[in-house]
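Protein chains: 2
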Amino acid sequence: MTLLGDVDERQLIEDFRSFIKPEGRVGPGDDAAITLDGTVVTTDIVTFDRHFPAGMTYEQFGWYAAAVNFSDLAAMGARPTGFLAALALPSTLEVQAAYDIMSGIDQCAEFCGTGIVGGDTKRGPGIVAGTALGTMDDRKPMLRSGAVPGDIVAVTGPIGGPAAALTAIDHGIESEEARDSLYMPIPKMEEGVALSATGAVSSCMDLSDGLGTALNTLCKSSGVGMDIELEFIPREDYVEEISEETGVPVRDLLFDCGGEYELLFTADRGMLRKIYDAEVPFHIIGMVDDSGFPELLADGKRSRIGNGRY
Amino acid sequence: MTLLGDVDERQLIEDFRSFIKPEGRVGPGDDAAITLDGTVVTTDIVTFDRHFPAGMTYEQFGWYAAAVNFSDLAAMGARPTGFLAALALPSTLEVQAAYDIMSGIDQCAEFCGTGIVGGDTKRGPGIVAGTALGTMDDRKPMLRSGAVPGDIVAVTGPIGGPAAALTAIDHGIESEEARDSLYMPIPKMEEGVALSATGAVSSCMDLSDGLGTALNTLCKSSGVGMDIELEFIPREDYVEEISEETGVPVRDLLFDCGGEYELLFTADRGMLRKIYDAEVPFHIIGMVDDSGFPELLADGKRSRIGNGRY
């Protein structure tokens, strides 16, 4: 008799994919699914237990619950068309807190150019199951499976903020900037839509499971390898500072922690001009090769990049 | 300081509707929402705590979690295009049980002509947040707000099974038929699609909150009243039998309990031929009037129909 507690959660999600039917035009295995009639859709659960660090407000928790879903749409390049919020909240919660959660969801949906279209509320331990809906209009969805050797590897913005924030909290260091990146992640909606419109992107995913895991996933899904330059990876000053103050290596902060909401993508180097023309900010961090896995180049040494801790 | 435990759950859902934006073409207040680009979508949470009566299997629980969502699509007349399953399950649960839940969801989705397109799995207390997607094709959605005086009031099939099952369980009576209606409710997908295609239906909703509550909701949403004939309401023999054996009045079994998955609808009496032609089974149980609330005619007496206990 095997209990759920004995198996890796990501393995379970992999195994459950056997249930997913070719009803969807896209998925399983991508950030979101696309149904036969073209609706892009994704669902993600966040819980008080696991996604509610000390100091976070209920409004921020609501924002976070919506943002993780919208980020999955962004990774495909979808434009949001609606959000559903299914809440299971404790009877001992203040009513005001429940409103604050809904308000945070609402603000994030509005930021993403859409709104709450429906939901459900039940008693429970503090869970928000969000569902984000979107459309590709006439763009092609960005998948995880299209990278080819010779493509550039890039991210849309600085990495390491959430990891730095958690490390700072662990060490009792105050860092408002770091905390904001953890508590109110910004889904890269406009960037995703603009990137998919260029036609230059060969693969894309969000960084919600961390850069290390994302690089491994793209390599596996595309059947490629990558060389990543540590020095190329963009990061805020406070990431370096918190690394120095705490002794946690910058590399760990950049690769090992989830909760990032920049996009990771690969693109045909001959078509980079189209991405510049689209005015999407991005930073090249490496190149796709045929080695089969991601490797890091740092201080003249080469090492394998592992999955991060979630 | 007001706690969630102090407020009625349905009141909270009502209050949260203030967050729902005119992003949706339909809703809030209907069984499902319709986004601006025409996707029909609904989300419902079921929990081990509340929706897992003694003797139910994990597979049946999965079926049930999907069925409550598909039933909301059926009430609008939507054709299902996909299902998302977000699971929060205890670490102490057997892995096989988790597969059984997914398998039950999968079977229900297949029964409804679609499949699982995506999902999420986290640790939690035993919660399935399902999302069902659908399309109206070129049919008009059936809403709760279109009933007018003179319309007939009808249901698609027998009522009272789940209430009879719960009553039988409470009294230690074995009744397999009753139990099946409780554990494996059949969403009325084909009936919903066919009814919406007739153009004769003026309002519709499902009976998941029970007949009493549904009649009150249709009256309120449409601004009408109704006269319902107790003897007209179709019921299986075992409902009468369990009523006799336990002393619980038939009226209570028919009106007070949720978990029903027949459809309740009103229709223009001049267009009934279209519903007969569509070969949807239905039973007229009363008439719409302008009294403002639903009343029951039984044994020559008239009485107000209240909301059921959920």
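Chains as they are written, first to last, in this note's numbering: chain B, 1 to 310; chain Z, 1 to 310.
Positions of the beta carbon are idealized from the N, C-alpha and C atoms, including for glycine.
Because the structure is a prediction, the values reported are computed rather than measured.
The alpha carbon of threonine 121 of chain Z has as its nearest neighbour, out of Z/Arg144, Z/Val40 and Z/Ala86, the alpha carbon of Z/Ala86. Listed along chain B, no residue sits closer than 9 Å to lysine 188 of chain Z by beta-carbon distance, the nearest being about 20 Å off. In this structure, glutamate 262 of chain Z sits near leucine 207 of chain Z, with a CB-CB distance shorter than 9 Å.
Listed along the chain, the chain B residues whose CB falls inside 9 Å of the CB of valine 95 of chain Z are Met1, Thr2, Leu3, Leu4, Asp6, Val7, Leu12 and Asp15. DSSP places threonine 121 of chain Z inside the beta strand (DSSP E), whose first and last residues are 116-123. Taking 8 Å as the cut-off between beta carbons, the residues of the segment 47-65 of chain B near chain Z are Thr47, Asp49 and Arg50, in sequence order. Contacts with chain B (Cβ-Cβ distance below 9 Å) from the segment 114-126 of chain Z involve Thr114, Gly115, Ile116, Val117, Gly118, Gly119, Asp120, Thr121, Lys122, Arg123, Gly124 and Pro125, listed in chain order.
Assignment of arginine 304 of chain Z by DSSP, reduced to helix, strand and coil, places it in the strand class.
Relative to serine 203 of chain Z, the option among Z/Ala147, Z/Thr246, Z/Val193 and Z/Ser196 whose CA is nearest is Z/Ala147. Pairing glycine 55 of chain B with arginine 179 of chain B gives a Cβ-Cβ distance under 9 Å.
One finds nothing in chain Z with a Cβ atom closer than 8 Å to the Cβ of proline 185 of chain B; even the nearest lies about 17 Å away.
Under the 8 Å Cβ criterion, the segment 1-10 of chain Z does not count as touching the segment 249-269 of chain B, having fewer than three qualifying pairs.
Around the CB of aspartate 44 of chain B, 16 or more other CB atoms lie within 10 Å, so the residue is classed as buried. Closest in C-alpha terms to glycine 119 of chain B, from the list Z/Ile20, Z/Tyr238, Z/Val239 and Z/Met226, comes Z/Ile20.
With respect to the 9 Å criterion, serine 196 of chain B and threonine 266 of chain B are not classified as neighbours on the basis of their beta carbons. Secondary structure of methionine 142 of chain Z (DSSP, three-state): coil. Under DSSP, valine 46 of chain Z takes part in a beta bridge, and its partners are Z/Val128. For glutamate 229 of chain B, there is no enclosing alpha helix (DSSP H); the residue is found in the beta strand (DSSP E) stretching over 225-229. Within 9 Å of the CB of proline 90 of chain Z, the CB atoms of chain B belong to Leu3, Leu4 and Gly5, in sequence order along the chain. For alanine 163 of chain B, same chain residues with a beta-carbon under 6 Å away, outside a window of 5 residues either side, are Leu253 and Cys257 in chain order.
Collapsing the DSSP output to three states places alanine 298 of chain Z in a strand.
Classified as exposed, lysine 301 of chain B has fewer than 16 neighbouring CB atoms from the shown chains inside 10 Å of its CB.
From the beta-carbon of phenylalanine 111 of chain B, no residue of chain Z is found nearer than 7 Å; the closest lies around 13 Å away.
Taking C-alpha positions only, serine 243 of chain B is separated from threonine 213 of chain Z by approximately 59 Å. Chain-order list of chain Z residues neighbouring phenylalanine 19 of chain B: Met102, Asp106 and Ile116, by C-beta distance under 7 Å. Short of 7 Å from the beta carbon of methionine 205 of chain B, and not among the five residues preceding or following it, lie these beta carbons of its own chain, in chain order: Asp31, Ala75, Arg144, Ala214, Thr217, Leu218 and Leu264. Contact of aspartate 37 of chain Z with chain B by beta-carbon distance below 7 Å involves Thr81 and Thr135. Looking at the backbone, the Cα of tyrosine 58 of chain B and that of glutamate 14 of chain Z are separated by about 20 Å. Not flagged as an interface residue toward chain Z: threonine 213 of chain B, since no C-beta distance is shorter than 9 Å. With 16 or more other Cβ atoms from the protein chains shown falling within 10 Å of its own Cβ, tyrosine 238 of chain Z counts as buried. Taking the CA atoms as reference points, tyrosine 64 of chain Z sits about 32 Å from arginine 79 of chain B. Valine 153 of chain Z has a beta carbon lying at 9 Å or more from every beta carbon in chain B. In the displayed model, serine 203 of chain Z falls within a strand according to three-state DSSP. Exclusion of the five residues before and after glutamine 107 of chain Z leaves Trp63 as the residues of its chain whose Cβ lies within less than 7 Å of its Cβ. Histidine 171 of chain Z carries a coil assignment under DSSP once its states are collapsed to helix, strand and coil. None of the residues of the segment 190-209 of chain Z has a beta carbon lying less than 7 Å from any beta carbon of chain B.
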